[in-house]
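Be aware that the sequence shown starts at 1, since it is given in full-length UniProt numbering, and climbs by one per residue. C-beta atoms are modelled at their ideal positions from N, C-alpha and C, and glycine is treated no differently. Contents: one structure, followed by commentary.
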Amino acid sequence: MKFGHHQSFYLRVNWLSKAIKMLKDDPQFFYDEFGFEKIGLGRNMAKSLRYWVLATTVMKEGKDDHQKPIHRLTEFGTLVSHYDRFIRLSLTSAVLHYLLASNKDQATTWYWYFNEYGHRSSTNEDLLAALNVWVMQHHNRSISANTLKRDLDCLKLMYTSHIRYEDDPEDVVASPLSGLGLLYDTKEKFVKHSPGLQQIDLDALYFGLLDYCHQYQVDSVTLEEIQVKPTLWGKLFHLSSNHILEALELLHANPHYPVSFVRTNQIYSLNIDVEDAYAFLRKAYERKAAY
């Protein structure tokens, strides 16, 4: 579990593009003491970016042929680099959110808030207290309240920060996740918001289902599971039961998604012809690129 590795900077929409560009020039970029000057960020911002590329699984750490530490693009990072480096598509934003909020090891507070914490509305103080209790129950060492508060502050900014024009050019751009509409922009509270399906790309929802099926070796999920299971739609995207039903019907009606939506003994289930999630994602990007 990791807490507080973002240096109090939320992910900006242009940062991933910068990181991908620098990585292509120098796979050891993030190990360069003066790399922050080359990328045009402050030293702590560059440290933050290194954390975010791993937490969103855009990149992974590795070794080159000489056993020197490097970063490499993941399958997802390669797709983003090729099709949507500047994160203009809701598909990319939604998959970024899915991968981040599913990453219990690297982005523990994000995982907890979207998958474990059940309340839709909480004061800042109550949320911090609840996170602290959960950490004490699930982590092998204590984490300071200040570190947890910084995580929650950063999380709120990541999902509510839209374009602002300030002195620092790095604050001009929004977070790539703010357009998903998952949190209300309130000062004193954390309030989860149920977005419309138009904000959450249907391809991203299906990608999440495929990834879930691969992880748990299943080819069918019930409506109830989609509503309540960690990393599925009800938890991760705050989708209401009506929106989930609507999305399932859309999947069932579209030949791009080899599924069948059936009802047996009062139980709604989605049967899935499971394929590799990233192979599907590539096809989804190709379809969008053709428009």
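Beta-carbon proximity list for residue i, same chain, < 6 angstroms, skipping 5 on both sides
i    : result
V221 : L270
V191 : S121 and Y184
I163 : Note that I163 has pLDDT 48, beneath the 50 cutoff, so the model's placement of it is unreliable and the number below is only indicative. Same-chain partners within the cutoff: A174.
S90  : D201
For residue i, the three-state DSSP class (helix, strand or coil)
i           : result
I87         : coil
M59         : strand
T186        : coil
T222        : strand
K68         : coil
V172        : Confidence in V172 is poor, its pLDDT being 48 and thus under 50, which makes the residue's placement unreliable; the coordinate value appears in the next sentence. Correct three-state label for V172: coil.
V95         : helix
Y111        : helix
Y268        : strand
S102        : coil
F261        : strand
K47         : helix
L236        : helix
V191        : strand
L73         : strand
S81         : helix
D126        : helix
F30         : helix
residue 296 : Given a span of 1 to 291 for the chain in the structure shown, any question on residue 296 remains unanswerable.
S8          : coil
S142        : coil
Q198        : coil
D167        : Annotation note: pLDDT 41 at D167 (below 50); position unreliable, no value reported.
Closer than 6 angstroms: residue i CB and nearest the ligand COA heavy atom
i    : result
I267 : Within the structure as shown, the ligand COA is missing, as the structure has no ligands at all.
Span of the alpha helix (DSSP H) around residue i
i    : result
S17  : W15 to D25
S121 : From DSSP, S121 is part of no alpha helix (DSSP H) but of the beta strand (DSSP E) over S121 to T123.
L281 : A277 to A289
T231 : Counting along the chain, T231 falls outside any alpha helix (DSSP H), and DSSP gives it neither H nor E.
I39  : G35 to I39
K149 : A145 to T160
I244 : S241 to A253
L205 : L202 to Y216
Contacts around residue i, its chain only, beta-carbon distance under 7 angstroms, and the 5 residues preceding and following it disregarded
i           : result
L205        : W233 and A247
D211        : A277
C154        : H6, S8 and Y10
S93         : I87, P176, L177, G179 and L180
K156        : L183 and F190
residue 292 : Missing from the structure shown is residue 292; the chain here goes from 1 to 291 and no further.
Under 7 angstroms between C-beta atoms of residue i and residue j
i    : j    : result
I200 : F261 : no
D273 : P258 : yes
L197 : H138 : no
T109 : D65  : no
L96  : T56  : yes
N115 : P230 : yes
V53  : A174 : no
K104 : Y113 : no
K2   : Q106 : yes
L202 : L250 : yes
L223 : Y268 : yes
Cβ-based neighbour list, residue i, same chain, cut-off 8 angstroms, excluding 5 preceding and 5 following
i    : result
P69  : Q28, Y31, E61, G62 and K63
L128 : A145, L148, K149 and L152
I189 : Residue identity check: residue 189 is Lys in the sequence provided, not Ile. Taken in chain order, the residues that qualify are S121, S122, T123 and N124.
Y159 : S175, L177, S178, L180, L182 and L183
The segment 85–93 in contact with the segment 43–59 per 3-pair CB rule at 8 angstroms: no
Segment contact flag, the segment 61–77 with the segment 141–152, C-beta cutoff 8 angstroms, min 3 pairs: no
Contact between the segment 270–290 and the segment 64–82 (3+ Cβ pairs under 8 angstroms): yes
Any 3 or more C-beta pairs closer than 8 angstroms across the segment 92–102 and the segment 127–143: no
Meets three-Cβ-pair contact criterion under 8 angstroms: the segment 9–20 and the segment 29–44: yes
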